[in-house]
Amino acid sequence: STDLTSTVGYDSIIQHLNDGRKNCKEFEDFLKERAIIEEKYGKELINLSKKKPCGQTELNTLKRSLDVFKQQIDNVGQGHIQLAQTLREEAKKMEDFREKQKLHRKKIELIMEAIHKNRNLQYKKTMEVKQTCCCFLAYGLMLLTHMHGAGAELDTRDFLLCCKSIRCDNVTSLTDRNYQLNVTTLEKIREEWQKEHIKACEFFETQECERINYFRNALWLHVNQLSQDCVQNDEKYEEIRKSLEMCSIEKDIDFFVNLRKTGSLAPAPVVYENYYNTQRNAAPARSPVPVPISR
1 STDLTSTVGY DSIIQHLNDG RKNCKEFEDF LKERAIIEEK YGKELINLSK
51 KKPCGQTELN TLKRSLDVFK QQIDNVGQGH IQLAQTLREE AKKMEDFREK
101 QKLHRKKIEL IMEAIHKNRN LQYKKTMEVK QTCCCFLAYG LMLLTHMHGA
151 GAELDTRDFL LCCKSIRCDN VTSLTDRNYQ LNVTTLEKIR EEWQKEHIKA
201 CEFFETQECE RINYFRNALW LHVNQLSQDC VQNDEKYEEI RKSLEMCSIE
251 KDIDFFVNLR KTGSLAPAPV VYENYYNTQR NAAPARSPVP VPISR
């Protein structure tokens, strides 16, 4: 803006920096909320793996696979809790970055506020002196015009006007010198303001570049952490798959049979005995030999 006292451009820069700081705060809050979710999920997984029955009566190889399964689910839960802690640390780093930038900005903003205040006060003072100078000049011109119109002869009234004109001329000269002094002072202040304004803009630009770069890297790191957590979880799930590959249906069946078997012979066949035929009863039929049970 060509208006010396205008701060539209400066205010626009400050607003943009404030918006950037707000965006960093929003991402910081996002990380904290994600940490809460990850921690809660991790604890629930651990409780699920420890307290919820899951094939507790299985035997042999499948039982070992289930033990690996529950242990790895517990490990996944621990991993989410660790991820939650990592996210909290990243959120703290973002907070420290914001506060550091805020402190550095505050110093520059205080300097610029003081310069703006001094510039505006001097500008106001200069304009007031200028207005006074213009008023005296107009009054002096009116007196001179009247005197020149009176001709050669001067009466008492003309004499008084002449005296007023002399005094007015003296005051006008003093006012004009005061006006020049204020204009000179204002110009020095304007040059100082312009110099500091350029320095402030350069500082703000550097700080904004740092903020965008830090924010971008923080996002990148966050996504990498999530990817790493997924990879680690898949490694844990791979352990479960390896355990399941070692699971043998035949071995589990044999293990159950050997564990619960009651013998190797089947019960003897039931034969008919005739209690009314004494001759037959004298020589009862022999029961066949039990046949061994084979699977």
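Each residue of the sequence shown is one higher than the one before, starting from 1 at the first, in full-length UniProt numbering.
Note that the Cβ used here is the ideal one computed from N, Cα and C, for glycine as well.
Candidates A35, L31, I73, E58: closest to residue 298 by CA position: No information on residue 298 is available, as it lies outside the stretch 1 to 295 that the chain covers here.
Distance CB(V76)-CB(L45) smaller than 8 Å: In this structure, L45 lies closer than 8 Å to V76 by Cβ.
Residue burial classification, G79 (beta-carbon count within 10 angstroms, cutoff 16): When all chains shown are included, G79 counts as buried.
Residues near E95 in its chain [Cβ-Cβ closer than 6 Å; skip 5 each side]: The beta carbon of E95 lies closer than 6 Å to those of E28 in the same chain, with the five residues before and after it left out.
Own chain residues within Cβ distance below 8 Å of E254, not counting five before or after: Correcting the residue type first, residue 254 is Asp in the shown sequence and not Glu. Listed in chain order, the non-local C-beta contacts of D254 below 8 Å within the same chain number zero, local neighbours out to five positions each way being set aside.
For D234 and C54, the rounded distance between their alpha carbons: Each residue's alpha carbon lies about 21 Å from the other.
DSSP-derived helix/strand/coil call for V231: For V231, the secondary structure class from DSSP, reduced to helix, strand or coil, is helix.
Cutoff 8 Å; reference M142; Cβ partners in own chain excluding five residues on either side: Below a pLDDT of 50, predicted positions are generally treated as unreliable, and M142, at 49, falls in that range; no measurement from the model is reported.
Contained beta strand (DSSP E) runs [length at least 3] in the segment 180-258, N- to C-terminal order: Whole beta strand (DSSP E) segments, 3+ residues: zero.
Pairwise C-alpha distance: Y179 and A218: Taking the straight line from one Cα to the other gives about 56 Å.
Span of the alpha helix (DSSP H) around V8: Here the alpha helix (DSSP H) through V8 covers 8-51.
Where M246 falls, given that 16 or more other Cβ within 10 Å makes a residue buried: Exposed, because fewer than 16 other Cβ atoms sit within 10 Å of the Cβ of M246.
Status (buried if at least 16 other CB within 10 Å, exposed otherwise) for F69: A residue is called buried once 16 or more other Cβ atoms fall within 10 Å of its Cβ, and F69 is buried on that count.
The segment 11-24 contacting the segment 210-229, beta-carbon criterion three pairs below 8 Å: With the rule of 3 Cβ pairs closer than 8 Å, the segment 11-24 counts as touching the segment 210-229.
Assigned exposure category for G9 - 16 Cβ within 10 Å defines buried: Burial call: exposed.
Chain D contact for E39 (CB, 8 Å cutoff): As a matter of chain content, chain D is missing from the structure shown, which is built from one protein chain.
Cβ-based burial, A84 [other Cβ within 10 Å; buried from 16]: With 16 or more Cβ atoms within 10 Å of its Cβ, A84 is classed as buried.
Supposed contact pair L59 and D252 - C-beta distance, whole angstroms, cut 8 Å: Confirmed, about 6 Å.
Rounded distance between the beta-carbons of L226 and Q122, thought under 8 Å: Contact between Q122 and L226 does not hold, since their C-beta atoms are separated by about 57 Å, which reaches or exceeds 8 Å.
Close beta carbons around D229, own chain, < 8 Å, minus the five adjacent residues each side: Correct list, in chain order: G79, H80, L83.
Coarse secondary structure for V270, derived from DSSP in three states: Reduced to three states, the DSSP call for V270 is coil.
Buried versus exposed call for T156 [16 or more other C-beta atoms within 10 Å across all chains shown]: With a pLDDT of 46 at T156, under the threshold of 50, the predicted position of this residue should be treated as unreliable, though the coordinate-derived value follows. By the 10 Å Cβ count, T156 comes out exposed.
CA-to-CA distance, L103 to E208, given in whole angstroms: Here the C-alpha atom of E208 lies approximately 14 Å from the C-alpha atom of L103.
Burial state of A91 (16 or more Cβ within 10 Å): Buried, because 16 or more other Cβ atoms sit within 10 Å of the Cβ of A91.
Secondary structure of N277, DSSP reduced to three states: Reduced to three states, the DSSP call for N277 is coil.
Coarse secondary structure for D176, derived from DSSP in three states: The answer is helix: DSSP assigns D176 an H, G or I state.
Whole runs of the alpha helix (DSSP H) within the segment 42-102, excluding any shorter than 4 residues: Taking 4 residues as the minimum length, the segment 42-102 contains no alpha helix (DSSP H) run wholly inside it.
Whether R105 touches L17 by CB criterion (8 Å): Taking a C-beta distance under 8 Å as the contact criterion, R105 and L17 qualify as a contact pair.
Rounded distance between the beta-carbons of E202 and I115, thought under 8 Å: Contact between I115 and E202 is absent: CB atoms are separated by about 15 Å, not below the 8 Å threshold.
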